[in-house]
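Asks:
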Amino acid sequence: MRPQLDAIATLLDQGAADSAVRLLRSSWEPELPEHDRIPIYCMWIRGLCDTGDYVHALILARRAAEEFPRKPDILTALGNVLDLCGELEQAREAFEVAVALDPSGVLQHYNLGAVLERQGDEARAEACYRRALSLDESAPTMVEANAALGALLRRQARLEEAEEVYDTYLQEDPLDVEMLVEHGICLSDLDRLDEAIERFETALSLESEHGSALYNQAITLYRLGRHDAARETMERAHAAERDNPLTLAVLGAWTLADPAGDLDVALRLVYRALDLVIMFHDRGELGTGYASLVTEEVFESLWQYGRKTEAREVARLAGRRDWITPHMFETINRADHGTTERIADAFRVRVRAELESTPADWPDGAEGYTTDLTVIAATEDEARELTLHYVTQLEPMVEMQFDVDVVSRALDSFDGARTRGVARVDGSRAYFRGDAGRKAAR
């Protein structure tokens, strides 16, 4: 049986999941011994996931877990399927049991860390990643754990620690293209721009059309003032990944800013970026953070070029989808409301919006939403006024009713230099159905 299992594993590693699943079905026998049964279960579950058949993968994983409730490999496979299905709490529980059963298991610690990070528990996630790496006796150590730890540290602005993670890994495997790119990005964030360029060039010597390496090299070249080389490299990044929203947005912004740039080409690029980020986000292929980054790039390019009406429409789209960023708020608020003339406070405001008919881009059956905002204002009344100004313009064609409650006031005050208005979205919209409370007059 072992040669057959090795052949199936090779098919999975080569991306031939359909063929692997067919072989697994033909290999299954009710009386298979445990030492063959467990790897078949694990590979079969993986193969179904790789083909996108999560429903049957979950059925099979639960069946395997019922049969082998104390086998870490089976529980890890179950956790992976639950993670893919969005059942993070159940996935976490499965991985925690797997870790308890086999505390020396590298994969279990890494998988648990990945789920904890997605749940927002970054401290425990970091501990899991570090534990996985400390247990890993192979050389190089697990690339996924290194990459995840480095990304988490960078997101927390712990750049020196992240750089050390990437550098240590690349000493073991100096030809890993993805890690070379990530190290280059980290070096660029540390303003070690020439070293970053070296990392990107090494990555491109191994994979000449690597989109992320080209994009990030272009950004770093731009920061070095080498604008012509940056533009040429960004063009290559676009050629390598024609449907990459961020590359399209930045290339469009640079074309708009170029006095000799083609306006029609620039607008096609930025609006294509916007269309793609909406489509990919709605399909679950991109996260909110990436969507915010692309949308802000499009907004800023239009605003700086003087197309402020279009920029406001982009901001309105971003506001409806919770992609709007503090920079976008600051830019619009400064134009609309100016700065405070006396001491101002940051107010936490809770909004409840209700309507009679559901807009096309809302979830089916939704009759309203709640959200929390941070608002810079001199008084509570002004905070309510500024909040109403913001929320009413998000869906200007829809008749809505709002409750606006000032929940709290920040401990710190600001002088007159602060821009008035909504400064930040503190939580994603929570849509609701039915009459869940009192309506306020608009």
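By my numbering, the letter at position 233 of the sequence shown is numbered 224, and the numbering carries on one by one without gaps. Think of the CB as a built atom: it goes at the ideal place given N, C-alpha and C, for glycine as much as any other residue.
For Gly104, tell me which candidate among Leu92, Pro94, Ser95 and Arg83 has the shortest Cα-Cα distance.
Replies: Out of Leu92, Pro94, Ser95 and Arg83, Arg83 has the C-alpha closest to the C-alpha of Gly104.
Asks: May I ask you to verify whether the segment 238 to 246 touches the segment 283 to 298, counting CB pairs closer than 8 Å and requiring at least 3?
Replies: A contact exists between the segment 238 to 246 and the segment 283 to 298.
Asks: Nearest-angstrom Cα distance between Ile36 and Leu79?
Replies: Roughly 18 Å between the two C-alpha positions.
Asks: Out of Ser17, His328, Ala344 and Ala194, which has the shortest C-alpha to C-alpha gap to Ile367?
Replies: The shortest C-alpha separation from Ile367 is found at His328.
Asks: Starting from Ser399, follow its DSSP beta bridges and name the residues at the other end.
Replies: Ser399 pairs with Arg339.
Asks: Can you tell me whether Asp4 is buried or exposed, with buried defined as 16 or more other CB within 10 angstroms of its CB?
Replies: By the neighbour-count rule (16 or more Cβ atoms within 10 Å), Asp4 is not buried but exposed.
Asks: Which runs of the alpha helix (DSSP H) fall wholly inside the segment 49 to 75 and span at least 4 residues, in chain order?
Replies: Runs of the alpha helix (DSSP H) inside the segment 49 to 75: 63 to 75.
Asks: My guess is that Arg424 and Glu358 are in contact by the Cβ rule of under 8 Å, so how many angstroms apart are they, rounded?
Replies: Right, their Cβ atoms sit about 6 Å apart.
Asks: Roughly how many angstroms lie between the CA atoms of Ala130 and Leu51, to the nearest whole one?
Replies: Rounded to whole angstroms, Ala130 to Leu51 spans 33 Å at the Cα level.
Asks: Just to confirm before moving on: does the CB-CB distance between Ala187 and Ala209 stay below 7 Å?
Replies: Cβ distance not < 7 Å, so Ala187 and Ala209 don't count as in contact.
Asks: Terminal residues of the continuous beta strand (DSSP E) containing Thr362?
Replies: That run of the beta strand (DSSP E) goes Gly359 to Ala368.
Asks: Starting from Arg415 and walking both ways along the alpha helix (DSSP H), at which residues does that stretch end?
Replies: Note, Arg415: premise wrong, no alpha helix (DSSP H); beta strand (DSSP E) at Gly412 to Val416.
Asks: Taking the straight line between their C-alpha atoms, what separation do you get for Asp(-3) and Glu200?
Replies: In a straight line, the C-alpha of Asp(-3) is about 33 Å away from that of Glu200.
Asks: Let me know the secondary structure DSSP gives Asp313 once reduced to three states.
Replies: Three-state DSSP puts Asp313 in coil, outside helix and strand.
Asks: Whose CA, out of Met133, Thr322 and Glu347, lies closest to the CA of Gly297?
Replies: Comparing Cα positions, the closest option is Thr322.
Asks: Let's test the definition: count the other Cβ atoms within 10 Å of the Cβ of Asp417 and tell me whether it reaches 16, buried, or not, exposed.
Replies: Asp417 should be labelled exposed.
Asks: I need the straight-line Cα distance from Ala123 to Leu308, nearest angstrom please.
Replies: Their backbone Cα atoms lie some 41 Å apart in a straight line.
Asks: When you compare the CB positions of Arg411 and Val395, do they come within less than 7 Å of one another, or not?
Replies: Contact: no.
Asks: I need the DSSP call for Ala7, collapsed to helix, strand or coil.
Replies: If DSSP states are grouped into helix, strand and coil, Ala7 belongs with coil.
Asks: Along the chain, where does the alpha helix (DSSP H) containing Ala220 start, and where does it finish?
Replies: Segment His218 to Ala231, the alpha helix (DSSP H) holding Ala220.
Asks: Looking at the secondary structure, which residues open and close the beta strand (DSSP E) in which Ala421 lies?
Replies: Taken as a continuous stretch (DSSP letters only), the beta strand (DSSP E) holding Ala421 covers Ala421 to Phe423.
Asks: Between the Cα of Ala335 and those of Thr365, Asp363 and Ala369, spot the shortest distance and give me the residue it belongs to.
Replies: The residue with the shortest Cα to Cα distance from Ala335 is Ala369.
Asks: Under 6 Å Cβ to Cβ from Ala282, same chain only, skipping five residues before and after it: list those, please.
Replies: Hits under 6 Å: Val268, His272 and Trp314.
Asks: When burial is assigned at 16 or more other CB atoms within 10 Å of the CB, is His318 buried or exposed?
Replies: That one is exposed.
Asks: Closer than 7 Å by C-beta to Leu75: which residues in its own chain qualify, once you throw out the five before and the five after it? Chain order, please.
Replies: So the list reads Cys40 and Tyr45, once near-sequence residues are dropped.
Asks: Quick one: Cα of Thr435 to Cα of Arg333, how far?
Replies: As shown, the chain starts at -8 and ends at 433. That puts residue 435 outside it, with no answer to give.
Asks: Among the candidates Glu25, Arg233 and Tyr206, whose CA atom is the shortest distance from the CA of Met225?
Replies: When each option's Cα is compared against that of Met225, the closest is Tyr206.
Asks: Take the Cβ of Asp167 as the centre, count every other Cβ of all protein chains shown within 10 Å, and call the residue buried at 16 or more, exposed below.
Replies: Answer is buried; the Cβ neighbour count reaches 16.
Asks: Assuming Arg341 contacts Val398 under a Cβ cut-off of 8 Å, what Cβ separation, rounded to an integer in Å, is found between them?
Replies: 5 Å between Cβ atoms; contact.
Asks: Can you tell me the Cα-Cα spacing of Val134 and Asp127, whole angstroms?
Replies: Rounded to whole angstroms, Val134 to Asp127 spans 11 Å at the Cα level.
Asks: Classify Glu108: buried if its beta carbon has 16 or more other beta carbons within 10 angstroms, exposed otherwise.
Replies: It counts as buried.
Asks: Taking C-alpha atoms, which residue in Met391, Val413 and Asp352 lies nearest to Glu373?
Replies: For Glu373, the nearest C-alpha among the options comes from Val413.
Asks: Would you list the residues sitting across from Glu345 in a DSSP beta bridge?
Replies: DSSP lists Gly359 and Gln392 as partners of Glu345.
Asks: Between the C-alpha atoms of Glu192 and His174, what's the straight-line distance to the nearest angstrom?
Replies: Cα to Cα, the separation comes out at about 12 Å.
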